[in-house]
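Working notes, beginning with the structure itself.
Numbering (our numbering), first residue to last: 430 to 619.
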């Protein structure tokens, strides 16, 4: 199966079910706190950074370390964007009388609009990622005192890789949930 055995996959699935069973009753209060509390942004960032730091005590470089920081950063960025959307009233819940939404009939205009949204959204996200990568690696290397002339080698240091992934993909999560929909709204593509 590659890097995981069948037993590891089964145990991972069962562990996920157990976690969901415990956390599911808490999701509504957590969601409400994330969206409405003035302390939510601080807690979101602190919690995701702490989880990233607690998860990694490896002395050697590992791809899973960067992947986990990337997932945590994306989640933090999306949670912060959700908080901001709620704070600014940009993503109100529809009234129950409007639910479920009716599907629009498939037309060439709908397909064209969807493809345009896809192209604009992907272009915006790729540009955001490129800018953030170009800015973050040199800044983090300079901040922690690691030479950044060889980016590949510099990223193998935990003190470079974790902030780099967290910042770049936190910005990506924020862009997906807040900036790109705002761009769609300004371009009348909502």
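The beta-carbon is built from N, C-alpha and C at its ideal position, and this holds for glycine as well.
- Task: For my contact list, residue 590 and residue 495 are in at a C-beta cut-off of 8 angstroms; report their separation, rounded to the angstrom.
- Result: Right, their Cβ atoms sit about 5 angstroms apart.
- Task: Return the chain-ordered list of same chain residues with a C-beta closer than 7 angstroms to the C-beta of residue 573, the five sequence neighbours on each side being excluded.
- Result: In the same chain as residue 573, and ignoring 5 residues on each side of it, the C-beta atoms closer than 7 angstroms to its own belong to 588, 589, in chain order.
- Message: Three Cβ pairs or more, each shorter than 8 angstroms: is that satisfied between the segment 566 to 581 and the segment 547 to 554?
- Response: No contact exists between the segment 566 to 581 and the segment 547 to 554.
- Query: Whose C-beta lies closer than 8 angstroms to the C-beta of residue 482 among residues of the same chain, with five residues either side of it excluded?
  - Reply: Here the set comprises 591.
- Task: Throw me the rounded Cβ distance for the residue 505 and residue 477 pair, which I believe falls under 8 angstroms.
- Result: With a Cβ gap of about 4 angstroms, residue 505 and residue 477 count as contacting.
- Task: Less than 8 angstroms between the CB atoms is what I'm expecting for residue 549 and residue 616, so what's the real figure, rounded?
- Result: 7 angstroms between Cβ atoms; contact.
- Query: CA-CA distance, residue 440 and residue 446?
  - Reply: Distance from the CA atom of residue 440 to the CA atom of residue 446, rounded to whole angstroms, is 10 angstroms.
- Buried/exposed call for residue 511, threshold 16 Cβ in 10 Å: So residue 511 counts as buried.
- Could you check the C-alpha separation between residue 499 and residue 602 for me, to the nearest Å? Across the structure, residue 499 and residue 602 are spaced so that their CA atoms are roughly 10 angstroms apart.
- Task: Kindly indicate which three-state DSSP category residue 530 falls into: helix, strand or coil?
- Result: Correct three-state label for residue 530: coil.
- Query: Skipping 5 residues on each side, what residues in its chain have a beta carbon closer than 6 angstroms to that of residue 520?
  - Reply: Within the same chain, residue 520 has close Cβ partners 514.
- Query: Using the beta-carbon count (16 or more within 10 Å), is residue 492 buried or exposed?
  - Reply: Exposed is the label assigned to residue 492, since fewer than 16 other Cβ atoms lie within 10 Å of its Cβ.
- Close Cβ partners of residue 473 (< 8 angstroms) along its chain, the five nearest in sequence each way excluded: Contacts found: 463, 505, 508, 509, 512.
- Among 443, 438, 453, 497, which has the Cα closest to the Cα of residue 594? That would be 497, whose Cα lies nearest to the Cα of residue 594.
- Roughly how far, in whole angstroms, is the beta-carbon of residue 557 from the beta-carbon of residue 596, given that I think they are within contact range, below 8 angstroms? No, residue 557 and residue 596 are not in contact; Cβ-Cβ is about 12 angstroms, not under 8 angstroms.
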